[in-house]
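Here is the structure we will look at.
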Amino acid sequence: MTAAPTATPTAASPDAAVPTLEVRDLRKRYRTGKVALEGVSLAARAGELTVVLGPNGCGKSTLVRCIARLIDLTSGEVRIGGVDWGG
0 MTAAPTATPT AASPDAAVPT LEVRDLRKRY RTGKVALEGV SLAARAGELT VVLGPNGCGK
60 STLVRCIARL IDLTSGEVRI GGVDWGG
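Residues 0 to 86 (numbering that gives the first Met the number 0) are what the sequence shown spells out, left to right.
What follows is the structure, given as structure tokens:
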């Protein structure tokens, strides 16, 4: 074969200015009155590795459940690709 290789199509990359996942001032208070999350904010872009670390009971699992909308937020905002993921 003497033909030059052609470029491989690639997926459109997300706008670098818009975080793929953005959490703003997230708060979660359970019916019992226990505050699990208070004012959590974070931003993560496609291709980044984001780690949530902390001791037992600090709210790591609650944060992930709120982001995935498995439980309701008390207040705050979760955006994916700039779109409000709230309910």
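C-beta: ideal position from N, C-alpha, C; glycine also.
Same chain only: Cβ atoms within 6 Å of residue i, ignoring 5 sequence neighbours per side
i	result
Thr49	Ala43
Assigned exposure category for residue i - 16 Cβ within 10 Å defines buried
i	result
Leu62	buried
Ala10	Because the pLDDT at Ala10 is just 49, under 50, the model does not fix this residue reliably, and the value given afterwards should be weighed accordingly. It is exposed - the Cβ of Ala10 has fewer than 16 other Cβ atoms within 10 Å.
Glu21	buried
Ala35	buried
Among the options, nearest to residue i - alpha-carbon criterion
i	options	result
Asp24	Thr31, Leu72, Lys33 and Arg64	Leu72
Val77	Glu47, Val39, Lys33 and Ala45	Val39
Secondary structure of residue i, DSSP reduced to three states
i	result
Ile79	strand
Arg23	strand
Val51	coil
Leu62	helix
Gly38	strand
Ala45	coil
Trp84	coil
Under 8 Å between C-beta atoms of residue i and residue j
i	j	result
Gly26	Gly75	With the sequence shown as reference, residue 26 is identified as Arg, and Gly is not the correct amino acid for it. Yes. Within cutoff.
Trp84	Arg64	no
Residues near residue i by beta carbon distance below 7 Å, same chain, minus five either side
i	result
Glu37	Arg26
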